[in-house]
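Undergrad:
In UniProt numbering, the protein residues as written are 1 to 404.
(1) Apply the 10 Å Cβ neighbour rule to residue 364 and answer buried if 16 or more other Cβ atoms are within range, or exposed otherwise.
(2) Between the alpha carbons of residue 90 and residue 96, how many angstroms are there, rounded?
(3) Can you check DSSP and say which residues form a bridge with residue 147?
(4) Tell me which residue opens and which closes the beta strand (DSSP E) that residue 329 is part of.
(5) For residue 342, does the count of other Cβ atoms within 10 angstroms reach 16, so buried, or fall short, so exposed?
(6) For residue 203, does the three-state DSSP call read helix, strand or coil?
(7) Nearest CA to the CA of residue 318: which residue from 230, 229 and 330?
(8) For residue 54, which beta-bridge partners are listed by DSSP?
(9) Using DSSP bridges, identify the partner residues of residue 299.
(10) Taking 6 Å as the limit between beta carbons, can you name the residues of its chain near residue 321, skipping five residues before and five after?
(11) Just to confirm the assignment, what range does the alpha helix (DSSP H) spanning residue 119 have?
(12) Throw me the rounded Cβ distance for the residue 260 and residue 183 pair, which I believe falls under 8 Å.
(13) Could you tell me the distance, in whole angstroms, from the CA atom of residue 135 to the CA atom of residue 198?
(14) Determine whether the beta carbon atoms of residue 273 and residue 299 lie at a separation below 9 Å.
(15) Please report the distance separating the alpha-carbon of residue 313 from that of residue 292.
(16) If you reduce the DSSP assignment to three classes, tell me which class residue 186 lands in.
(17) On the DSSP letters alone, give me the boundaries of the beta strand (DSSP E) that residue 267 sits inside.
(18) How big is the Cα-Cα spacing for residue 69 and residue 367?
(19) Does residue 295 pass the burial test, meaning 16 or more other C-beta atoms within 10 Å, or should it be called exposed?
(20) Identify whether residue 68 lies in helix, strand or coil by the three-state DSSP scheme.
(21) For residue 15, write down the residues that DSSP places opposite it in a beta bridge.
(22) Rounded C-beta distance between residue 11 and residue 48? I'm assuming under 8 Å.
(23) When the distance is taken between beta carbons, is residue 262 closer than 9 Å to residue 253?
(24) Under the assumption that residue 165 contacts residue 130 (Cβ atoms under 8 Å), give the Cβ distance between them as a whole number of angstroms.
(25) Just to confirm before moving on: does the CB-CB distance between residue 177 and residue 186 stay below 9 Å?
(26) Counting only the same chain and skipping the five closest in sequence on each side, list residues whose C-beta sits under 7 Å from that of residue 4.
(27) Any idea if residue 240 is buried or exposed, counting beta-carbon neighbours within 10 angstroms, 16 or more meaning buried?
(28) Count the other CB atoms within 10 Å of the CB of residue 267; is the residue buried (16 or more) or exposed (fewer)?
(29) Can you tell me whether DSSP reads residue 283 as helix, strand or coil?
(30) Does the Cβ-Cβ distance between residue 200 and residue 220 come in under 9 Å?
(31) Rounded to a whole number of angstroms, what is the C-alpha to C-alpha distance between residue 339 and residue 358?
(32) What would DSSP say about residue 214, mapped onto helix, strand or coil?
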């Protein structure tokens with residue numbers, strides 16, 4: 001529950017989720033955070049008149065559900081809930097891969113797809129995506145050389161469901177989207193390993209065999225009862241392209257269904273960002289840039305835009321590192337080009353904290369050579385250091401402070 005309170009009511013253990021000031025005007029590097037020190041309280045009281053707290057993520061104005069030890073430390077009794085949820089998400093992710101691996105092995109042996117098993121996988125993933133899609137997306141971004149068909153398929157399913165949640169796909173279509181994404185490459189079980197595992201570019205003959213996986217997948221699912229038509233379309237058509245140059249039917253534009261177009265986008269993104277033994281892995285930003293700049297000839301451009309929104313690649317408050325070496329905080333998302341937001345630059349190229357910050361609009365033509373090369377996770381130690389040093393500079397330091 002979100003509650004508006006006066007800054008005089010602040011106490012450690014409260015979770016801040018908003019203030020009466022723009023974030024660019026106050027010395028914090030996160031828009032939402034848990035209060036852990038008296039210093040944070042005094043800073044909020046200095047800059048703000050009121051704030052918003054989330055009583056489900058932190059303590060309320062009423063007596064604190066917190067075990068106080070001293071002025072600087074406390075035990076947040078709600079943290080165990082967050083740890084439990086994170087563990088639950090990872091277990092769901094790993095269990096989904098295990099179950100799908102068993103299903104794929106059965107299919108390799110000539111058996112039908114175990115419908116109850118794959119249905120259960122999709123339904124469990126939907127529950128967790130609805131609960132916290134960003135945590136689930138975070139799981140698929142972990143480094144892992146385990147380049148299995150099951151892992152790839154679960155990754156695509158998670159991305160597709162997060163995408164569907166973002167654009168408001170109806171509940172029944174969410175299931176079809178998730179199942180289609182989970183099984184989109186099931187035909188790959190019939191492609192020889194000499195082609196699947198080849199490190200060099202495929203020959204034209206090998207490429208022809210590889211492209212048969214959509215036909216194989218359709219044939220496999222034709223033997224399975226209660227597979228929705230939309231799932232069959234996803235499996236058969238996820239390599240079609242908007243300009244008609246895809247396969248197997250050379251469909252184009254609106255001949256390709258919405259759910260198919262969505263899986264097409266997320267499967268390409270997943271392939272580009274997954275760590276694979278035979279090719280270079282792209283950063284999420286580089287992969288989105290590829291999708292964004294490929295034009296409407298290959299992908300559905302408006303859907304690509306919505307996918308970028310679903311991933312929230314550079315949300316406000318996100319801390320990023322530029323190719324110039326500078327560090328900045330996203331203060332505004334550019335709706336015309338979400339890969340180039342407006343930043344508040346907080347360090348120079350030598351990683352020295354700036355006493356006088358500047359605003360940089362990456363969408364401006366004069367900054368076309370400046371790019372974001374990575375984001376910093378919110379639990380990155382450098383962010384806490386930035387917060388501390390930033391307050392010192394705001395307090396009157398006359399020279400830049402070097403980050404160690």
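No residue lacks a Cβ here, since even glycine has one placed at the ideal position from N, Cα and C.
TA: According to the data block:
(1) Counting from one through the chain shown, the residue named residue 364 turns up at place 364. Classification of residue 364: exposed, given that the 10 Å Cβ count is below 16.
(2) Position 90 of the chain shown, counting from 1, holds the residue named residue 90. Position 96 of the chain shown, counting from 1, holds the residue named residue 96. Cα-Cα distance, rounded: 10 Å.
(3) Counted from its first residue, the chain shown places residue 147 at position 147. Answer is none; residue 147 lacks a bridge partner.
(4) Taking the first residue of the chain shown as position 1, residue 329 is located at position 329. Note, residue 329: beta strand (DSSP E), 327-332.
(5) Indexing the chain shown from 1 puts residue 342 at position 342. So residue 342 counts as buried.
(6) Within the chain shown, numbered from 1, the residue matching residue 203 stands at position 203. Here residue 203 sits in coil by DSSP.
(7) In the chain shown, residue 318 corresponds to position 318, counting from 1. Considering only alpha carbons, the answer is 330.
(8) For the purposes of this step, residue 54 is taken as residue 54 along the chain shown, with counting starting at 1. The partner list for residue 54 (beta bridge, DSSP) reads 2.
(9) Counting from 1 along the chain shown, the entry for residue 299 is found at position 299. In DSSP, residue 299 forms no bridge with anything.
(10) On the chain shown, position 321 is the one that residue 321 refers to. So the qualifying residues of the chain are 327, 373 and 374.
(11) Counted from its first residue, the chain shown places residue 119 at position 119. Here the alpha helix (DSSP H) through residue 119 covers 115-140.
(12) Looking up residue 260 in the chain shown gives position 260. Looking up residue 183 in the chain shown gives position 183. Actually they are not in contact, since the Cβ atoms of residue 260 and residue 183 sit about 13 Å apart, beyond 8 Å.
(13) Your numbering for residue 135 matches position 135 in the chain shown. Your numbering for residue 198 matches position 198 in the chain shown. Straight-line Cα distance between these residues: approximately 33 Å.
(14) Within the chain shown, residue 273 is the residue found at index 273, counting from 1. Within the chain shown, residue 299 is the residue found at index 299, counting from 1. No, Cβ-Cβ distance for residue 273 and residue 299 is not below 9 Å.
(15) In the chain shown, the residue the question calls residue 313 occupies position 313. In the chain shown, the residue the question calls residue 292 occupies position 292. Residue 313 and residue 292: Cα-Cα distance of roughly 13 Å.
(16) The sequence position of residue 186 within the chain shown is 186, counting from 1. It is helical.
(17) In the chain shown, residue 267 corresponds to position 267, counting from 1. No beta strand (DSSP E) contains residue 267, which is instead part of the alpha helix (DSSP H) from 258-273.
(18) In the chain shown, the residue the question calls residue 69 occupies position 69. In the chain shown, the residue the question calls residue 367 occupies position 367. Annotation note: pLDDT 36 at residue 69 (below 50); position unreliable, coordinate value reported separately. One C-alpha to the other measures close to 49 Å.
(19) Here residue 295 corresponds to residue number 295 of the chain shown, with the count starting at 1. By the 10 Å Cβ count, residue 295 comes out exposed.
(20) Working through the chain shown from its first residue, we reach residue 68 at position 68. Bear in mind that a pLDDT of 38 at residue 68, under 50, signals an unreliable position, so the number given afterwards is only what the model happens to contain. Assignment of residue 68 by DSSP, reduced to helix, strand and coil, places it in the strand class.
(21) Start at 1 with the first residue of the chain shown, and residue 15 comes out as number 15. DSSP lists 34 as partners of residue 15.
(22) Taking the first residue of the chain shown as position 1, residue 11 is located at position 11. Taking the first residue of the chain shown as position 1, residue 48 is located at position 48. Between residue 48 and residue 11 the Cβ distance is about 15 Å, and since that is not below 8 Å, they are no contact.
(23) Your numbering for residue 253 matches position 253 in the chain shown. Your numbering for residue 262 matches position 262 in the chain shown. Going by C-beta atoms, residue 253 is not nearer than 9 Å to residue 262.
(24) In the chain shown, residue 165 corresponds to position 165, counting from 1. In the chain shown, residue 130 corresponds to position 130, counting from 1. The pair is a contact, with the Cβ atoms about 6 Å apart (cut-off 8 Å).
(25) Translated into positions along the chain shown, residue 177 becomes position 177. Translated into positions along the chain shown, residue 186 becomes position 186. No. Outside cutoff.
(26) Mapped onto the chain shown, residue 4 falls at position 4. Excluding positions up to five away in sequence, the list reads 50 and 52.
(27) The count along the chain shown starts at 1 and reaches residue 240 at position 240. Its Cβ being crowded by 16 or more others within 10 Å, residue 240 is buried.
(28) Position 267 of the chain shown holds residue 267. The residue in question, residue 267, is buried, as its Cβ has 16 or more Cβ neighbours within 10 Å.
(29) The residue given as residue 283 occupies position 283 in the chain shown. If DSSP states are grouped into helix, strand and coil, residue 283 belongs with coil.
(30) On the chain shown, residue 200 is found 200 positions in, with the first residue counted as 1. On the chain shown, residue 220 is found 220 positions in, with the first residue counted as 1. No, they are not a contact pair.
(31) Position 339 of the chain shown, counting from 1, holds the residue named residue 339. Position 358 of the chain shown, counting from 1, holds the residue named residue 358. For residue 339 and residue 358, the distance between alpha carbons rounds to 19 Å.
(32) Stepping through the chain shown from its first residue, residue 214 is reached at position 214. Helix at residue 214.
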